[in-house]
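In UniProt numbering, the protein residues as written are 1 to 158.
Dropping the structure here:
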């Protein structure tokens, strides 16, 4: 069976390269568990491991040429929602430092929740659901990083 390089396989290769660079950069952080607790490098190492394994699995799946059961590749296309989600994620990454964790995360999680909920439930219900989800994820994320990792997140340039 000949190997064919699909767009998904190329994307998986790009992710593996990015993951290697990300892992390399994380070695500049203090080592985790050097003081008995997870340090700043713990989360990047876990993230790099998960991303690397997932990208490798996608690469193997694509190069083997076997379709995923139940997956319809004929109708695969980029929708407006995909483009908006990518833009929101890029905006979140950009806004994290100047706006701080609370504002950037609350706005991002609200916008993503609203984006996926508004078509199904309508604008008003999506707004309420988005606000609840944003408050929950923002608060839980802050507690997670501050209590577990003792990592204090940016507060913004106000």
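Built from N, CA and C at the ideal position, the CB exists for glycine as well.
Counted within 10 angstroms of its Cβ, other Cβ atoms place residue i as buried (16 or more) or exposed
i: residue 62; result: buried
i: residue 42; result: buried
i: residue 158; result: exposed
i: residue 99; result: buried
i: residue 90; result: exposed
i: residue 19; result: buried
Local conformation of residue i per DSSP, three classes
i: residue 31; result: coil
i: residue 65; result: coil
i: residue 6; result: coil
i: residue 79; result: coil
i: residue 153; result: coil
i: residue 12; result: helix
i: residue 40; result: coil
i: residue 144; result: helix
i: residue 158; result: coil
i: residue 122; result: coil
Distance between residue j and residue i (C-alpha atoms, nearest Å)
i: residue 134; j: residue 94; result: 18 Å
i: residue 26; j: residue 120; result: 40 Å
i: residue 22; j: residue 111; result: 27 Å
i: residue 88; j: residue 116; result: 13 Å
i: residue 96; j: residue 59; result: 31 Å
i: residue 24; j: residue 124; result: 45 Å
i: residue 65; j: residue 103; result: 44 Å
i: residue 11; j: residue 82; result: 16 Å
Nearest neighbour of residue i, chosen from the options [CA to CA]
i: residue 113; options: 85, 51, 9, 145; result: 85
i: residue 92; options: 156, 143, 128, 126; result: 156
Same chain only: Cβ atoms within 6 Å of residue i, ignoring 5 sequence neighbours per side
i: residue 101; result: 153, 154
Neighbourhood of residue i by C-beta distance below 7 Å, restricted to the same chain and skipping five residues each side
i: residue 109; result: 133, 134, 137, 138
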